[in-house]
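S.K.: The following block contains the structure, expressed as structure tokens.
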Amino acid sequence: MGMSVTISAATEQDAEQIFRLQYLCFQSEAALYGNYRIGPLVQTLDSVRAEVAADCVFVARLGEEVVGSVRGGITADGAAVIGKLCVHPRLQGHGIGARLLRAAEAALTEQRGAKKFRLEAGHRSEGNLRLYRKVGYEAVGTSKGADGVPMIVLEKQAEAYAATA
1 MGMSVTISAA TEQDAEQIFR LQYLCFQSEA ALYGNYRIGP LVQTLDSVRA
51 EVAADCVFVA RLGEEVVGSV RGGITADGAA VIGKLCVHPR LQGHGIGARL
101 LRAAEAALTE QRGAKKFRLE AGHRSEGNLR LYRKVGYEAV GTSKGADGVP
151 MIVLEKQAEA YAATA
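Numbering (UniProt numbering), first residue to last: 1 to 165.
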């Protein structure tokens, strides 16, 4: 490649690239469930722009190209909800997803006072579940997405962030 992938906070100018990348990356998830109405595929560009403005959003860049992203926010009970982690298919398996997660966890802890982290993964999404377990998340329950997909809820305490950083 000749260039290194860098992780940084997303800016307003990144919203369109995040939107396009998310659409590309979540095609495989949609196929896994036979459901092309999952949240990341029906989200609007304006909604992505709003998340970039309000939430803790990080991107992975290869040169000027956004090749990964993740979002997080804090709930009323102090939990950081992390979601829409995606890495361009051609760059998956190189640790970029874990780096994005660590960046989000650090910012949510240091800037927003997160007490614990929570995320969800589809019950058939073995690659995603493997990554989350590898970086310290444990299954704590199940839920059903608004799109009807069965989800596994995973959490880890914010103190555990330092151990996986």
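Just so it is clear, CB atoms sit at the ideal spot from N, CA and C, and this is done for glycine as well.
Keep in mind the model is a prediction, meaning the values are calculated, not measured.
Compute the Euclidean distance between the alpha carbons of valine 48 and glutamate 120, then round it to the nearest angstrom.
M.R.: Rounded to whole angstroms, valine 48 to glutamate 120 spans 19 Å at the Cα level.
S.K.: In terms of residues, what are the limits of the beta strand (DSSP E) holding serine 69?
M.R.: Run containing serine 69: 65–74, per the beta strand (DSSP E) assignment.
S.K.: Take leucine 41 as the anchor and find which of Ala104, Val153, Leu154 and Ala146 has the nearest alpha-carbon.
M.R.: For the residues Ala104, Val153, Leu154 and Ala146, the minimum Cα distance to leucine 41 belongs to Ala146.
S.K.: Beta-carbon separation of valine 59 and glutamate 51 under 8 Å?
M.R.: No; because the gap between Cβ atoms is not below 8 Å, this pair is not in contact.
S.K.: Tell me which residues share the same chain as glycine 142 and place their Cβ nearer than 8 Å to its Cβ, disregarding the 5 neighbours each side in the sequence.
M.R.: One point to set straight first is that residue 142 is threonine, not glycine, in the sequence displayed. Contacts found: His123, Pro150, Met151, Ile152 and Val153.
S.K.: Would you decide whether tyrosine 132 is buried or exposed? Buried here means 16 or more other CB atoms lie within 10 Å of its CB.
M.R.: Looking at its Cβ environment, which holds 16 or more other Cβ atoms inside 10 Å, tyrosine 132 is buried.
S.K.: Less than 8 Å between the beta carbons of glycine 34 and aspartate 55, yes or no?
M.R.: Not in contact: glycine 34 and aspartate 55 (Cβ atoms no closer than 8 Å).
S.K.: Can you give the Cα-Cα distance for leucine 100 and cysteine 86, rounded to whole angstroms?
M.R.: Distance between the alpha carbons of leucine 100 and cysteine 86 is about 9 Å.
S.K.: Taking only runs of the beta strand (DSSP E) that begin and end inside the region 9–95, which ones reach a length of at least 3 residues, in chain order?
M.R.: Runs found: 56–62, 65–74 and 79–87.
S.K.: Taking DSSP as the reference, what is the three-state secondary structure of lysine 134?
M.R.: In the structure shown, lysine 134 sits in a helix (DSSP, three-state: H, G or I).
S.K.: So, is residue 214 buried or exposed, given that buried needs 16 or more other C-beta atoms within 10 angstroms?
M.R.: Because residue 214 is not part of the residues shown, which for the chain are 1 to 165, the question remains open.
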